[in-house]
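S.K.: Here it is, the structure in full.
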Amino acid sequence: MIEKLTHTTVWVLDQDEALEFYTQKLGFHVHTDARMDDFRWLTVSPPKQPEHEIILLEPGPPMMDDESAEQVKALVAKGILGAAAFETSDCRATYAQLSERGVSFLSEPAKRPWGTEATLRDNSGNWFSVTER
Amino acid sequence: MRDPIPVYIHLLRAKDMIDREYARELDVATLARRAHASTAHFARSFKQAFGETPHQYLRRRRIERAAELLRGTGVSVSEASLEAGFHSLGSFSSAFRELVGESPAAYARRWRDANAPAIPACFTLMYTRPTGAPEPSRQTQTEQSSRSAATRSEVASPPSTMKEAQSR
Numbered sequence: 009m010i011e012k013l014t015h016t017t018v019w020v021l022d023q024d025e026a027l028e029f030y031t032q033k034l035g036f037h038v039h040t041d042a043r044m045d046d047f048r049w050l051t052v053s054p055p056k057q058p059e060h061e062i063i064l065l066e067p068g069p070p071m072m073d074d075e076s077a078e079q080v081k082a083l084v085a086k087g088i089l090g091a092a093a094f095e096t097s098d099c100r101a102t103y104a105q106l107s108e109r110g111v112s113f114l115s116e117p118a119k120r121p122w123g124t125e126a127t128l129r130d131n132s133g134n135w136f137s138v139t140e141r
Numbered sequence: 004m005r006d007p008i009p010v011y012i013h014l015l016r017a018k019d020m021i022d023r024e025y026a027r028e029l030d031v032a033t034l035a036r037r038a039h040a041s042t043a044h045f046a047r048s049f050k051q052a053f054g055e056t057p058h059q060y061l062r063r064r065r066i067e068r069a070a071e072l073l074r075g076t077g078v079s080v081s082e083a084s085l086e087a088g089f090h091s092l093g094s095f096s097s098a099f100r101e102l103v104g105e106s107p108a109a110y111a112r113r114w115r116d117a118n119a120p121a122i123p124a125c126f127t128l129m130y131t132r133p134t135g136a137p138e139p140s141r142q143t144q145t146e147q148s149s150r151s152a153a154t155r156s157e158v159a160s161p162p163s164t165m166k167e168a169q170s171r
């Protein structure tokens, strides 16, 4: 049987800038930053989940033809794609800390039946929930 | 055609500003400045990118925010109207009715009786902005299907109201 989800892909517009955002702003750790010729395998992990790798991937050839890559980039840049939900033990403190670092939020922390939740945007345009349960 | 990505990045800043600051006075000039665009050019490129004008987007965001309050909290219709940035209860009620398909009071009653499901708020933010269409193109969607996607997105709106979507 399948036991775990280990990797998640997040499409980004620029790997260098995404790396800076995910490490310097969000506080994630670099898991792997490796190159095979032109291909850069770049993954980061949330601080308390070092075994889960978020793959920061640029849309492009040979996986995608140029036209498809441009379409995916456009969707990312337009903020259409929502990638995932992050967990925090203190949503308001995390909101304050990340806002201070210049992270853009779409919604401020608000109480929900299951906890407190805010929505942030990464520097490429992907949106994420930040939830305290 | 020049690379649209940098334009989208700027436009998204203005769109995010609407999502975040919907309750305050937001005119096109303010939003255009956020997107580093001229006022005239901004509204046009916003519509090209997102399929509706900044004003339409803001109006639907306000109604979505008000609907969330009516669903999940005990606020009155007039409180929800103020919280969402409407100046008058009358304009709120008619916008709500037009976009959602029922009055704010009826909507609140229905959801309080039914208990709104616990869907993470970032998803309701993204997926429950009402699509009830004031535009005249609702009956002509299939006729437009042969036209280009870009053209279509400027005129078409999804046909279902939120009420229809929920009852499926």
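From first to last, the protein sequence lines stand for chains S and R.
The first sequence begins at 9 in my numbering and counts up by one.
The second sequence begins at 4 in my numbering and counts up by one.
Even for Gly, the Cβ is constructed at its ideal location relative to N, Cα and C.
Do you know how far the Cα of Leu15(R) is from the Cα of Asn134(S)?
M.R.: So the alpha carbons of these two residues sit roughly 11 Å apart.
S.K.: At which residue ranges does the segment 14-87 of chain S contain complete alpha helix (DSSP H) runs of 4 or more residues, listed in the order of the chain?
M.R.: Runs of the alpha helix (DSSP H) inside the segment 14-87 of chain S: 23-28, 74-85.
S.K.: My output table needs one value for Trp114(R): the three-state DSSP class, helix, strand or coil.
M.R.: Trp114(R) falls in the helix class under three-state DSSP.
S.K.: Starting from Arg23(R), trace the beta strand (DSSP E) both ways and give me its first and last residue.
M.R.: Premise fails: Arg23(R) lies in the alpha helix (DSSP H), 8-24, not in any beta strand (DSSP E).
S.K.: Compare the C-beta of Leu65(S) with all C-beta atoms of chain R and state if any pair is closer than 9 Å.
M.R.: With 9 Å as the cut-off, Leu65(S) does not count as an interface residue toward chain R.
S.K.: Could you tell me if Glu59(S) is buried or exposed, where buried requires 16 or more neighbouring beta carbons within 10 angstroms of its beta carbon?
M.R.: Answer is exposed; the Cβ neighbour count stays below 16.
S.K.: Within a Cβ cutoff of 8 Å, which residues of the same chain sit near Asp22(R), ignoring the five residues on either side of it in sequence?
M.R.: Excluding sequence neighbours, Asp22(R) sits near Arg64, Leu128.
S.K.: DSSP on Val103(R), reduced to helix/strand/coil?
M.R.: Of the three classes helix, strand and coil, the one that applies to Val103(R) here is helix, per DSSP.
S.K.: Which of the three DSSP states, helix, strand or coil, is assigned to Pro123(R)?
M.R.: In this structure, Pro123(R) counts as coil in the three-state DSSP scheme.
S.K.: Rounded to the nearest angstrom, how far is the Cβ of Ala118(S) from that of Glu125(S), given a contact under 8 Å?
M.R.: With a Cβ gap of about 6 Å, Ala118(S) and Glu125(S) count as contacting.
S.K.: Under 9 Å, Cβ to Cβ, is there at least one residue of chain S near Lys50(R)?
M.R.: No, no contact with chain S.
S.K.: Please name the residue in Thr51(S), Lys12(S), Thr14(S) whose C-alpha comes closest to that of Asp24(S).
M.R.: Per the Cα distances, Thr51(S).
S.K.: Which partner residues of Arg129(S) appear in the DSSP bridge assignment?
M.R.: Per DSSP, Ser112(S), Trp135(S).
S.K.: Residues of chain S with CB closer than 7 Å to the CB of Leu128(R), please, in chain order.
M.R.: Chain S residues near Leu128(R): Leu114, Ser115, Thr127.
S.K.: Look at the alpha carbon of Asp130(S) and the alpha carbon of Ser97(R), and state the distance between them as a whole number of angstroms.
M.R.: Distance between the alpha carbons of Asp130(S) and Ser97(R) is about 36 Å.
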